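Each residue of the sequence shown is one higher than the last, beginning at 575 in the numbering used here.
Even for Gly, the Cβ is constructed at its ideal location relative to N, Cα and C.
Values in this document were obtained by computation on a predicted structure and should not be read as measured data.
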Amino acid sequence: MTKTIKILAVDDHPLLREGIAAVIEGEEDMELVAEATNGHEAIKLFRDHRPDVTLMDLQMPGMSGIDAIVAIRAEFPNARFVVLTTYQGDVQALRALKAGASGYLLKNMLRKELLDTIRAVDAGRRRIPPEIAAELADHVTEDALSDREVEVLRRVATGNSNKIIGAQLSVSEATIKGHMKSILAKLGANDRTHAVTIAVKRGFIDG
575 MTKTIKILAV DDHPLLREGI AAVIEGEEDM ELVAEATNGH EAIKLFRDHR
625 PDVTLMDLQM PGMSGIDAIV AIRAEFPNAR FVVLTTYQGD VQALRALKAG
675 ASGYLLKNML RKELLDTIRA VDAGRRRIPP EIAAELADHV TEDALSDREV
725 EVLRRVATGN SNKIIGAQLS VSEATIKGHM KSILAKLGAN DRTHAVTIAV
775 KRGFIDG
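Rendered as structure tokens:
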């Protein structure tokens, strides 16, 4: 008898969960045991079903996928996760892997990569697509933004000037200018708008 891999799918989009169910349905060695729409549901259903592999969306209302992974692994240290996301932001990837994910899949790869990734993670291996791995290797050390720089960028993204951001953060306009200069250099950005675009793509800030 081959072992059946029990799978929990966590995503707030019904169409994506249906797509996962359709891919898994024809596989003799897999069973979709439960579906959750947010992080809180995921924790409850994990306790109820003890899946072998959990497919976890990163961005969901209420409780993010990364927070859910942390909470579940605190209770079940051997829990195995494959993170699902729509973009290859290296910061999100790194947070998910640090939180304990073993696999990382872009949602547009599901049909092609999902089954192999589930089997690899169930067998105790890591599975990260080459383009994600390359982006991690490119960015993970030399150009990480500081927490303060991320905070400044968030406020730039909502349309605030350096002067207003300085007032909001109780520092001088010159200090904010210094942060922006550092941010532009680290991200290789031409201007403020370009910096925000890059930061969203890479997962430093939400779009």
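Under a three-way DSSP split, which group does residue i fall into?
i           : result
residue 582 : strand
residue 657 : strand
residue 701 : strand
residue 738 : helix
residue 673 : helix
As a quick exercise: from the options, pick the residue whose alpha carbon is nearest that of residue i.
i           : options               : result
residue 676 : 661, 655 and 686      : 655
residue 581 : 601, 588, 700 and 732 : 601
residue 542 : 641, 599 and 596      : Only positions 575 to 781 of the chain appear in the structure, and residue 542 is not among them; the question remains open.
residue 673 : 729, 646, 763 and 708 : 646
residue 775 : 599, 618, 660 and 587 : 660
residue 720 : 588, 779 and 658      : 779
residue 622 : 631, 608 and 740      : 608
In the DSSP assignment, the alpha helix (DSSP H) including residue i goes from what residue to what residue?
i           : result
residue 731 : 721-731
residue 680 : Residue 680 -> not in any alpha helix (DSSP H); beta strand (DSSP E) instead, spanning 677-680.
residue 756 : 747-761
residue 577 : Segment: none, residue 577 is in no alpha helix (DSSP H) and carries neither H nor E.
residue 743 : No alpha helix (DSSP H) contains residue 743, which DSSP labels as neither H nor E.
residue 768 : 766-776
residue 718 : Residue 718 -> no alpha helix (DSSP H), and no H or E assigned at all.
residue 696 : 684-696
Using a Cβ-Cβ cut-off of 6 Å (strictly less than) and excluding sequence neighbours within five positions of residue i, which residues of its own chain qualify?
i           : result
residue 594 : 583
residue 652 : none
residue 763 : 769 and 772
residue 761 : 769 and 772
Leaving aside the five residues before and after residue i along the sequence, list all residues of the same chain whose C-beta is less than 8 Å from its C-beta, in chain order.
i           : result
residue 696 : 579, 626, 627 and 654
At what residue ranges does the stretch 589-648 contain a whole run of the beta strand (DSSP E), taking only runs of 3 or more?
Counting whole runs of 3 or more residues, the stretch 589-648 contains the beta strand (DSSP E) stretches 604-610 and 627-631.
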